[in-house]
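Numbering (our numbering), first residue to last: 10 to 657.
Written out below as structure tokens is the structure these notes cover.
Shown next as structure tokens:
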């Protein structure tokens, strides 16, 4: 056994880079008849227990529990290949320990708990987690559903066991049989949200949030097909996050009739967080580490899969995914492998994904000159309009959905057209007088939204390239200090260039950057009040009204984003609290509310009591049609046909 310089072993480079701990490499030379090697070693993982590395649980081994992954290099790694394994653990008697695969031993003795696991299914890495946990178990259609809680709670365990059975059945029917013998929800003392093959590690606060069972939890279960069933070959880009988001988060919203709104929010994140300089091809996405990488790796990717589904049809799309899962189960796969599976499902030889995943950017659309021509004396009309792709660079091949509102009809006339040039003169024969044209009304295309399609949202401030934070000089000293600390924290944590000034050092707000105004006392607060897009909203010296909720200044804090009508390209935000103790919590929480135009909180925690999105008054993708006799008729968009979700 010869020690090696790890820098000279290319196959280990990804592991060494991710580990962040000392790694020692060896070369073993076998005799021709040898097939096995036995290694004996002991020690503690090198990762500090109290300073989690990026993507770690932060535990390693401590009195609170254990959480080890491949990044800890706690077991021998052979050229970063896939592994099968069995493991036996002696833990304190009050502990449970969990790994991948099937539990083979579970024997509690007076001083210890002896637990064994085995995974005959090849794995990317080996995980081991545990601690003082109470176990709950149930059969779920031949799969063992498990929940491990740090505090006994039968009702909470039942809610997770019920959800486990429900989502395993859903995705097994949709994609193919669940690939493991068990699925376990394991409570972590740290606030994590990680998915491992056959189990998930979720924080104590996270698992008690009411929405997790219909959002993050099905997402983590689905990862056992994508990412933990078919593994990601990172050299070809991480396709699993976008596909999982599409078939979990998007599907749940689609089942609720909110698919279009979910897609609009994903496109808004891309528009607000991904400036041209921050964009990158999906084949370069590895993992989320910022709002911009999330907007591309999750948001753009799920929109691309939505495009492909619309192109192929639901049956062919699902048939392709089932074939891909069957072919690559317990193997690594790339975007190119997935692309071939999608194309082969409909007998295509060309690429469906390459134009969307191999380069950065997005199409941008503009519609103009919508006119109606009557065809003879009949009730049929010809609708003409000009549609163009306005993005710089090459054009995209698009199948663009449109909805036409016809006189006297409640249901819109809907169709699609091909757009593979910079300009296209659209001509639609419609069975009635066309009054209004809506292009991509349900946000089916991945595209860069026009500013007028975007309601003002906090994401416009958190994603700004240049940001000015204006502090209130007239606030009390505790509040001034609290606002200053919050501003400096965001200056470090948020992307882009951030400057901080007091309001008494300025005569006017700049027009060349996004601006946060902090404080009820801020002398520029009237600029925000004058720009509120909803007439029912208001800001006064004693409080604010957001949506249907009144927020008293003494007990509540608020944040909102508006767009100054005189400077529509500038994002303008206002944040205020009359309790300095609430500011640290606001600083932590607000970046997670980026999709909302306004939010309100109560108390020092603070606790969210209202959140909402401003309405878009008009969209450049909607046009009133000029009539044959001249002029237009103002009407709302007619009702769109209901859609069937990808799964019931």
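By construction, the Cβ of each residue, glycine as well, lies at the ideal position given by its N, Cα and C atoms.
From a predicted model like this one, the values you see are computed outputs, not experimental measurements.
Asked: Residue 350 and residue 358 closer than 9 Å at C-beta; Found: no
Asked: Residue span of the beta strand (DSSP E) that contains residue 258, given as start and end; Found: Here residue 258 belongs to no beta strand (DSSP E), and DSSP marks it neither H nor E.
Asked: Every unbroken alpha helix (DSSP H) within the region 452-508, with a cutoff of 4 residues, ordered by chain; Found: 468-471 and 486-502
Asked: Within 9 Å, strictly: CB atoms of residue 301 and residue 283; Found: yes
Asked: The alpha helix (DSSP H) enclosing residue 593, as first and last residue numbers; Found: 592-598
Asked: Neighbourhood of residue 511 by C-beta, 7 Å cutoff - its chain only, sequence neighbours within 5 removed; Found: 480 and 482
Asked: Delimiting residues of the beta strand (DSSP E) encompassing residue 4; Found: Past the boundaries of the shown model lies residue 4; the chain is included only from 10 to 657, so the question cannot be answered.
Asked: Selected residue, minimal CA-CA separation from residue 368, among 390, 337, 395 and 404; Found: 404
Asked: Validate contact between the region 90-108 and the region 168-183 using beta carbons, cut 8 Å, 3 pairs; Found: no
Asked: Segment contact, 8 Å Cβ cut-off, at least three pairs: the region 437-457 with the region 632-652; Found: yes
Asked: Buried or exposed (CB count within 10 angstroms, at least 16 for buried), residue 49; Found: exposed
Asked: Beta strand (DSSP E) segment containing residue 609, residue limits; Found: 607-611
Asked: N- and C-terminal bounds of the beta strand (DSSP E) containing residue 447; Found: 443-448
Asked: Nearest to residue 7 (by Cα), restricted to the options 484, 409, 387 and 628; Found: Residue coverage of the chain in this structure runs from 10 to 657, which leaves residue 7 outside it and unanswerable.
Asked: Beta-ladder partner(s) of residue 565, from DSSP; Found: 611
Asked: Inter-residue spacing [alpha-carbon to alpha-carbon] between residue 361 and residue 291; Found: 14 Å
Asked: Which of helix, strand or coil DSSP assigns to residue 391; Found: strand
Asked: Continuous alpha helix (DSSP H) stretch holding residue 347: start and end; Found: 344-353
Asked: Cβ-Cβ distance between residue 35 and residue 130 below 9 Å; Found: no
Asked: For residue 612 and residue 587, the rounded distance between their alpha carbons; Found: 10 Å
Asked: Own chain partners of residue 509 with C-beta closer than 6 Å, once the 5 adjacent residues on each side are dropped; Found: 478 and 496
Asked: Residue 525 (DSSP reduced to helix, strand or coil); Found: strand
Asked: For residue 8, the three-state DSSP class (helix, strand or coil); Found: Because the chain in this structure spans residues 10 to 657, residue 8 falls outside the shown range and cannot be described.
Asked: At least 3 beta-carbon pairs within less than 8 Å: the region 227-244 vs the region 174-185; Found: yes
Asked: The region 573-589 contacting the region 530-545, beta-carbon criterion three pairs below 8 Å; Found: yes
Asked: Selection from 98, 260, 303 and 338 that minimises the alpha carbon distance to residue 315; Found: 260
Asked: Cβ-based burial, residue 39 [other Cβ within 10 Å; buried from 16]; Found: exposed
Asked: Cβ shell of residue 507 (< 6 Å), same chain only, five flanking positions each side left out; Found: 476 and 500
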